[in-house]
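Numbered per the UniProt record's numbering, the sequence shown finishes at 698, counting up by one with no gaps.
The C-beta atom is built at its ideal place from N, Cα and C for all residues, glycine as well.
As the structure is a prediction and not an experimental result, all values here were calculated from the model.
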Amino acid sequence: MPYVPAKRRYQAAELAKARAKKKLMLDPHGNNKSTEGVEMEDHVASLVTNDPTPQLNKPRSLTPQANSRPHYRVRVKFDPRSHKPLEPALRRHFRTRMGASMVESNPESPLPATEPPEAAREPDDNTTTGMDIDSPSNVDLKYDPKRLPLSRINAEAALLKITRILNVPRDKGRGYKECKLDKVTRTRCQSIASCLYFYRRPGTTFIDASVDAAIGIGRSLPYARKIRSWVRRFITAGELPRNMYGRSSHSALEDEDISNEIKLHLRTKGKYITAEDVVQFVNDSSTQARLGLLDSVSVRTAQRWLKRMGYQWRREKRGQYFDGHEREDVVKYRQEVFVPKWKELEPFMPSWDEIGAQQPLSIPNDQQEVTVWFHDATTAYAHERQDIRWVHADEDAILMKKGLGASVMFADYISAKHGFLRSQDGESNARKILYAGKNRDGYLSNDDICAQFKDGFQLAKYEYPSERHIFVYDNARIHTKRLPGTPSARLMTKGQSDLRVQIKNSQGVQIKIRMNNPCFPDGSEQQLYLPGPNGKFKGMEALLQERGYDTTGLKAECRGFKCVDQMANCCCRRILFRILDLDGGVRSKLELLANELGTEVIFLPKFHCELNPIEQCWGYAKRLYRMAPPSKLAADVEKYMLKALDSIPIASIRRFVTRSRRFIDAYARGLDGPNAAASEWARRRFKGHRTTPEHILI
């Protein structure tokens with residue numbers, strides 16, 4: 001059955017009643033009085049409904065009680081001869097107060113709930129409530145749910161729902177969260193809520209409520225029609241009004257060919273690219289002809305394109321220092337000395353995962369658990385303060401003090417298990433504080449390092465006697481200093497000379513002594529000086545000849561001792577340096593002291609600060625120190641820095657140690673510095689995988 005709006009069916013019924021009453025008035029004798037009215041009503045109703053036998057008393061009846069819309073008076077014309085209603089010609093669409101046009105709908109769709117029937121006003125003679133029937137009998141009229149009044153029950157539920165969308169309650173406590181809708185969508189949702197609020201008032205129709213809501217937000221009457229459509233769609237489908245602003249326009253950068261061309265062009269510009277480079281490339285006539293571009297771009301558009309392509313205008317990030325990191329001698333020490341030694345001790349070290357849980361450790365009964373103590377020093381300055389903050393627009397530039405101000409040096413040890421090296425009661429520690437300076441406490445020396453090492457080992461051994469303690473130091477000269485008189489190729493001459501080395505005696509007086517004799521590979525001593533108490537130094541050339549080297553045409557040293565190939569026999573000094581300084585097995589003072597104390601010292605490879613986790617502890621403490629109140633006093637520098645160091649949690653120290661151990665693991669797998677850093681980045685990127693990705697290991 002074709003769809004017919006309820007209002008038009010109601011109008012048809014009223015028209016039938018009016019025609020029947022009119023005929024009774026024209027026939028006062030009452031001929032066929034009992035049947036003509038019903039026939040007339042059925043005839044007029046069939047013109048509209050296309051149903052030859054309409055039933056006027058079924059659900060959604062055509063009686064006035066079935067519709068509560070406003071009443072409209074329409075005069076109906078009759079044929080003067082047959083006294084039957086004329087079938088009007090199609091003159092115009094049905095018009096409502098808001099000018100809505102006829103809308104077709106699916107007749108099989110469920111009807112929205114309607115209002116309870118209300119008493120309607122009885123029509124006057126020759127008139128009926130409703131609107132003109134401007135459609136001929138051969139026009140198919142379909143049912144439209146939009147013509148039915150809105151259910152107040154559904155309106156109450158929709159109002160509650162839209163209110164919770166606009167005012168999202170907090171998880172705890174009072175108040176609301178910030179609405180995440182854009183400005184246009186939020187305004188439309190507020191108009192929906194206003195319309196539903198007005199519709200709650202008794203006697204207010206849905207149209208009047210939408211008009212009041214439109215006027216309330218400063219819009220015209222056509223906007224009320226949109227509000228009604230948004231309300232009905234929100235009730236029936238649960239959909240919010242969509243913000244279509246900007247959706248019809250498309251950027252040329254969405255074309256992959258254009259974006260790839262721009263990216264390739266930017267790569268040719270090197271490290272420092274600008275938006276002007278994009279403008280110059282895109283606005284070029286040959287580029288526009290090749291890519292099919294019609295319009296030019298501005299600098300502002302180029303800046304937006306750069307952001308969409310992943311670029312950011314900011315200070316570039318800094319990674320680890322790479323100077324000398326992959327130098328041949330450094331790599332050789334890292335791969336052949338340090339990494340094997342660490343892997344030998346690693347099975348006896350405790351470890352923690354990313355969440356801080358300790359991993360099970362299985363140690364044979366005849367072995368001890370190994371605790372590794374990392375050593376380093378840092379300096380805090382009085383003027384080293386936080387320079388990034390919220391600055392008011394009216395604030396003027398402040399006067400800055402030149403220099404870094406008073407300084408205080410801190411040297412300490414950390415381990416993953418115990419944190420900073422201190423007693424369990426907190427009364428004593430191995431930390432050394434030095435007011436470095438010429439007129440202050442002087443400067444940190446190898447003697448200070450050895451003294452701190454001795455105190456630190458004794459404290460660790462006393463507090464944790466069941467553990468084996470290993471101490472790790474940076475490969476700096478202050479740590480690797482050797483005993484006075486140790487032979488070194490850096491001090492030797494090519495020929496004979498009165499070479500002596502200067503040292504300070506116990507009274508601090510400078511004296512000259514001979515260098516100690518090195519050993520041949522078979523263990524026998526090699527004499528550096530000619531016989532006699534005043535014998536001269538033999539010279540590097542003679543020493544190399546004694547070891548079987550051909551020194552014909554060999555110069556004393558390369559310019560500045562900066563040899564191109566560290567392993568080549570390019571000069572006398574380079575050959576002897578490898579023999580005496582690197583491969584001679586000469587131990588430093590720190591190593592000799594560790595041997596006396598019954599422990600062991602390991603030196604990190606040069607330029608490998610990523611392997612020392614205490615460096616990150618300094619960074620953690622410096623961040624807290626910079627937020628302390630500014631002061632120019634060294635005592636305040638010490639106080640604030642000590643407070644910052646004590647604020648470092650043990651969980652963070654363990655994460656720092658775990659990160660350094662992952663770098664060592666990467667070097668053990670054969671990765672170099674950049675690839676090791678890339679593998680560490682990959683672990684942070686893919687947090688679900690704690691192993692090095694396979695594509696990084698290739």
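Taking the Cβ atom as the reference point for each residue, do leucine 166 and alanine 209 lie within a distance shorter than 8 angstroms?
To locate residue 166, count along the sequence shown from 1; it is residue 166. To locate residue 209, count along the sequence shown from 1; it is residue 209. Not a contact, by the Cβ cut-off of 8 angstroms.
Three-state secondary structure (DSSP) of valine 663
Translated into positions along the sequence shown, residue 663 becomes position 663. According to the sequence displayed, residue 663 carries phenylalanine and not valine. Here DSSP, grouped into helix, strand and coil, assigns phenylalanine 663 to helix.
Taking contact to mean at least 3 C-beta pairs separated by less than 8 angstroms, is the stretch 336–343 in contact with the stretch 419–439?
Touching, no.
Go through its chain and collect everything with a Cβ distance to serine 191's Cβ below 6 angstroms, but skip five positions before and after it.
Locating residue 191 in the sequence shown gives position 191, where the first residue counts as 1. Only Ala213, Ile217 and Ile227 meet the Cβ criterion.
For phenylalanine 281, which residues from the same chain have a beta carbon less than 7 angstroms from its beta carbon, with the 5 sequence-adjacent residues on both sides left out?
As a position in the sequence shown, residue 281 is number 281, starting the count at 1. Scanning its chain for C-beta atoms nearer than 7 angstroms, with the 5 sequence neighbours on each side dropped, one finds around phenylalanine 281 the residues Ile262, His265 and Thr287, in chain order.
With a 10 Å radius around its C-beta and 16 neighbouring C-beta atoms as the bar for buried, classify arginine 655 as buried or exposed.
For this step, residue 655 is matched to residue 655 along the sequence shown. Buried: at least 16 other Cβ atoms inside 10 Å.
Alpha helix (DSSP H) segment containing methionine 409, residue limits
If you number the sequence shown from 1, residue 409 lands on position 409. For methionine 409, no alpha helix (DSSP H) encloses it; the enclosing beta strand (DSSP E) starts and ends at 407–415.
Which runs of the beta strand (DSSP E) fall wholly inside the stretch 395–479 and span at least 3 residues, in chain order?
Fully enclosed beta strand (DSSP E) runs of 3 or longer: 407–415, 432–434 and 467–473.
Of the listed residues Trp352, Tyr625, Asp498 and Ile602, nearest to lysine 643 (C-alpha basis):
Locating residue 643 in the sequence shown gives position 643, where the first residue counts as 1. Considering only alpha carbons, the answer is Tyr625.
With a threshold of 16 other CB atoms inside 10 Å of the CB of isoleucine 653, please say whether the residue is buried or exposed.
If you number the sequence shown from 1, residue 653 lands on position 653. Buried.
Pull up the distance between the alpha-carbon of residue 707 and that of alanine 476, whole angstroms please.
Any property of residue 707 remains undetermined from this structure, which presents the chain solely from 1 to 698.
Answer with buried or exposed for glutamine 616, where buried requires no fewer than 16 other C-beta atoms within 10 angstroms of its C-beta.
Reading the sequence shown from its first residue, position 616 is the one you call residue 616. By the beta-carbon neighbour count (other beta carbons within 10 angstroms, threshold 16), glutamine 616 is buried.
Classification of isoleucine 355 by the beta-carbon crowding that lies within 10 angstroms, buried from 16 upward
Position 355 of the sequence shown holds residue 355. So isoleucine 355 ends up on the exposed side.
Spatial neighbours of histidine 375 within its chain, please: CB distance less than 6 angstroms, with the 5 preceding and 5 following residues excluded, ordered by chain position.
Here residue 375 refers to the residue found at position 375 when the sequence shown is read from its first residue. Taken in chain order, the residues that qualify are Tyr413 and Tyr473.
From glutamine 452 to threonine 378, what distance separates their C-alpha atoms?
Your numbering for residue 452 matches position 452 in the sequence shown. Your numbering for residue 378 matches position 378 in the sequence shown. Spanning the two alpha carbons is a distance of roughly 15 angstroms.
On a CA-only basis, which of Ser407, Ala430 and Ser466 is nearest glycine 442? Give me that one, please.
By 1-based counting over the sequence shown, the position of residue 442 is 442. For glycine 442, the closest alpha carbon among the candidates Ser407, Ala430 and Ser466 is that of Ser407.
Just to confirm, are isoleucine 470 and valine 372 a CB contact at a threshold of 8 angstroms?
Position 470 of the sequence shown, counted from the first residue, corresponds to residue 470. Position 372 of the sequence shown, counted from the first residue, corresponds to residue 372. Cβ atoms of isoleucine 470 and valine 372: closer than 8 angstroms.
May I ask you to report which of helix, strand or coil DSSP gives serine 249?
Locating residue 249 in the sequence shown gives position 249, counting from the first residue. The answer is coil: DSSP assigns serine 249 none of H, G, I, E or B.
Determine the DSSP secondary structure at alanine 18, reduced to helix, strand or coil.
Within the sequence shown, numbered from 1, the residue matching residue 18 stands at position 18. Helix, per DSSP.
Verify whether the separation of the beta carbon atoms of leucine 361 and histidine 383 is less than 8 angstroms.
Stepping through the sequence shown from its first residue, residue 361 is reached at position 361. Stepping through the sequence shown from its first residue, residue 383 is reached at position 383. It is not a contact, given that the beta carbons lie outside the stated cut-off.
What I want to know is whether the C-beta of histidine 418 ends up closer than 7 angstroms to one or more non-hydrogen atoms of the ligand GTP.
Inclusion of the ligand GTP in the displayed structure is not the case, the ligand content being empty and no account of it being possible.
For valine 38, count neighbouring Cβ atoms within 10 angstroms of its own Cβ and tell me buried if that reaches 16, exposed if not.
Here residue 38 refers to the residue found at position 38 when the sequence shown is read from its first residue. Because valine 38 carries a pLDDT of 41, less than 50, the predicted location of this residue cannot be relied on, and the following value inherits that uncertainty. It is exposed - the Cβ of valine 38 has fewer than 16 other Cβ atoms within 10 Å.
Are the CB atoms of asparagine 505 and isoleucine 478 within a distance shorter than 8 angstroms?
Translated into positions along the sequence shown, residue 478 becomes position 478. Translated into positions along the sequence shown, residue 505 becomes position 505. No, the pair does not count as a contact, with Cβ atoms beyond the cut-off.
Measure from the alpha carbon of leucine 421 to the alpha carbon of each residue in Ile664, Trp342 and Tyr464, then state which is nearest.
By one-based count along the sequence shown, residue 421 stands at place 421. Out of Ile664, Trp342 and Tyr464, Tyr464 has the C-alpha closest to the C-alpha of leucine 421.
With burial defined as no fewer than 16 other Cβ atoms inside 10 Å of the residue's Cβ, what is the status of methionine 349: buried or exposed?
In the sequence shown, the residue the question calls residue 349 occupies position 349. By the C-beta density criterion, methionine 349 is buried, having at least 16 other C-beta atoms within 10 angstroms.
Which word fits methionine 400, buried or exposed, when buried means at least 16 other C-beta atoms lie within 10 angstroms of its C-beta?
Within the sequence shown, residue 400 is the residue found at index 400, counting from 1. Result: exposed.
Does DSSP classify glutamate 369 as helix, strand or coil?
Numbered from 1 along the sequence shown, position 369 holds the residue referred to as residue 369. Reduced to three states, the DSSP call for glutamate 369 is strand.
Pairwise C-alpha distance: isoleucine 650 and glycine 419
Position 419 of the sequence shown, counting from 1, holds the residue named residue 419. Position 650 of the sequence shown, counting from 1, holds the residue named residue 650. The alpha-carbon of glycine 419 is positioned some 6 angstroms away from that of isoleucine 650.
Pairwise C-alpha distance: isoleucine 207 and arginine 95
Counting from one through the sequence shown, the residue named residue 95 turns up at place 95. Counting from one through the sequence shown, the residue named residue 207 turns up at place 207. Low local confidence applies: a pLDDT of 38 at arginine 95 is under 50, so the model's placement there is unreliable, and no value is given.
What do you reckon, are the CB atoms on lysine 632 and alanine 556 nearer than 8 angstroms?
Indexing the sequence shown from 1 puts residue 632 at position 632. Indexing the sequence shown from 1 puts residue 556 at position 556. The Cβ atoms of lysine 632 and alanine 556 do not sit closer than 8 angstroms to each other.
By how many angstroms is the C-alpha of glutamate 346 removed from the C-alpha of leucine 671?
On the sequence shown, residue 671 is found 671 positions in, with the first residue counted as 1. On the sequence shown, residue 346 is found 346 positions in, with the first residue counted as 1. Their backbone Cα atoms lie some 19 angstroms apart in a straight line.
Would isoleucine 602 and lysine 271 be called neighbours here (beta carbons separated by less than 8 angstroms)?
Residue 602 sits at position 602 when you count from the first residue of the sequence shown. Residue 271 sits at position 271 when you count from the first residue of the sequence shown. No.
Chain-order list of residues whose beta-carbon lies under 8 angstroms from that of threonine 480 (same chain, five-residue window excluded):
The count along the sequence shown starts at 1 and reaches residue 480 at position 480. For threonine 480, where only same-chain residues beyond five positions count, the Cβ hits under 8 angstroms are Ser588, Leu590 and Phe603.
Within 10 angstroms of its Cβ, does glutamate 392 collect 16 or more other Cβ (buried), or is it exposed?
For the purposes of this step, residue 392 is taken as the residue at position 392 of the sequence shown. One point to set straight first is that residue 392 is histidine, not glutamate, in the sequence displayed. Here histidine 392 is exposed, its C-beta having fewer than 16 other C-beta atoms within 10 Å.
Suppose only complete runs of 4+ residues qualify. What are the alpha helix (DSSP H) ranges in the stretch 228–278, listed by chain order?
Segments of the alpha helix (DSSP H) lying fully in the stretch 228–278: 256–267.
So, with DSSP's three-state summary, where would you put serine 286?
Here residue 286 refers to the residue found at position 286 when the sequence shown is read from its first residue. Of the three classes helix, strand and coil, the one that applies to serine 286 here is helix, per DSSP.
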